[in-house]
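Quick note: to get my numbering, add 1177 to the position in the sequence shown (first position is 1). Following: one structure in structure tokens, then a few remarks.
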Amino acid sequence: MTKRRLMTAALLGVTMIVAPVSSFAKENNQGNGRGHDRDRDVRVEVRDGQILRAQRPIVVANCPPGLAKKSPACVPPGQARRGGNNGIVIGDVLDLDDIHVITQPGLYGLGDPPRGNRYAIIDGQLVRVDSDTGRLLSFIRLVNAILD
């Protein structure tokens, strides 16, 4: 037998051994529990026919995925321990007279806010709020000082 035929026979033998083993792999495409629920928008917990909890995913602009899942969103854990959001959550309506509205977003590394929105600082948190209603739209990050 030539060397080439011997290699071909060995490769064919290994393939015949490995092929049946691969058929025992899981077919549920769960991915070892990592990231298989990213396509779901709302998580709902139901017990005895009653909805106990409905969660929407956190939406944070320009934030790495690992920090977007943290609470507060887009804030590294070390900074989160230094300052809290005092119970303020996305969707709360704020009085624009009681918060510091940012007039120069470039000082904070931001561009102009989207039309109808403003950037503001609440308890050391840089946030985006609706200009008309004052509704809190997203947390951006913690800031150390007010620059404008």
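Ideal Cβ placement from N, Cα and C applies to all residues, glycine included.
Checklist entry - For Leu1319 versus Ile1267, is the C-beta spacing smaller than 8 angstroms? => result No, they are not a contact pair.
Item to check | CA nearest to the CA of Leu1303, picked from Gly1293, Thr1310, Gly1286 | outcome: The option with the nearest alpha carbon to Leu1303 is Gly1286.
Next on the checklist: With H, G and I counted as helix, E and B as strand and the rest as coil, what does DSSP make of Leu1271?
Outcome noted: Reduced to three states, the DSSP call for Leu1271 is coil.
Next on the checklist: Quick check: Val1306 and Arg1292, are their CB atoms within less than 8 angstroms of each other?
Outcome noted: Between Val1306 and Arg1292, the C-beta gap is not smaller than 8 angstroms, which leaves the two residues out of contact.
Next on the checklist: Using 8 angstroms as the threshold, is the C-beta distance between Arg1323 and Ala1297 below it?
Outcome noted: The sequence given here places Ile at residue 1323; Arg does not occur at that position. Taking 8 angstroms as the Cβ cut-off, Ile1323 and Ala1297 do not qualify as a contacting pair.
Item to check | Where Leu1324 sits in the DSSP three-state scheme | outcome: Secondary structure at Leu1324: coil, using DSSP grouped into helix, strand and coil.
Item to check | With 16 other Cβ atoms within 10 Å as the buried cut-off, status of Ile1317 | outcome: It counts as buried.
Checklist entry - Which of the three DSSP states, helix, strand or coil, is assigned to Val1252? => result In this structure, DSSP gives Val1252 a state outside helix and strand, which the three-state scheme calls coil.
Item to check | According to DSSP, residues forming a beta bridge with Val1278 | outcome: Beta-bridge analysis with DSSP links Val1278 to Ala1297.
Next on the checklist: Can you look up Leu1287 in the DSSP assignment and give me helix, strand or coil?
Outcome noted: In the structure shown, Leu1287 sits in coil (DSSP, three-state: anything other than H, G, I, E or B).
Checklist entry - What is the DSSP secondary structure of Ile1194, reduced to helix, strand or coil? => result In this structure, Ile1194 counts as helix in the three-state DSSP scheme.
Checklist entry - In whole angstroms, what separates the C-alpha of Met1193 from that of Arg1181? => result For Met1193 and Arg1181, the distance between alpha carbons rounds to 18 angstroms.
Item to check | Cβ separation of Asp1289 and Pro1282, assumed to be a contact under 8 angstroms, to the nearest whole Å | outcome: A Cβ-Cβ separation of about 6 angstroms places Asp1289 in contact with Pro1282 under the 8 angstroms criterion.
Next on the checklist: For the beta strand (DSSP E) containing Ile1317, name the first residue and the last one.
Outcome noted: Segment 1313-1319, the beta strand (DSSP E) holding Ile1317.
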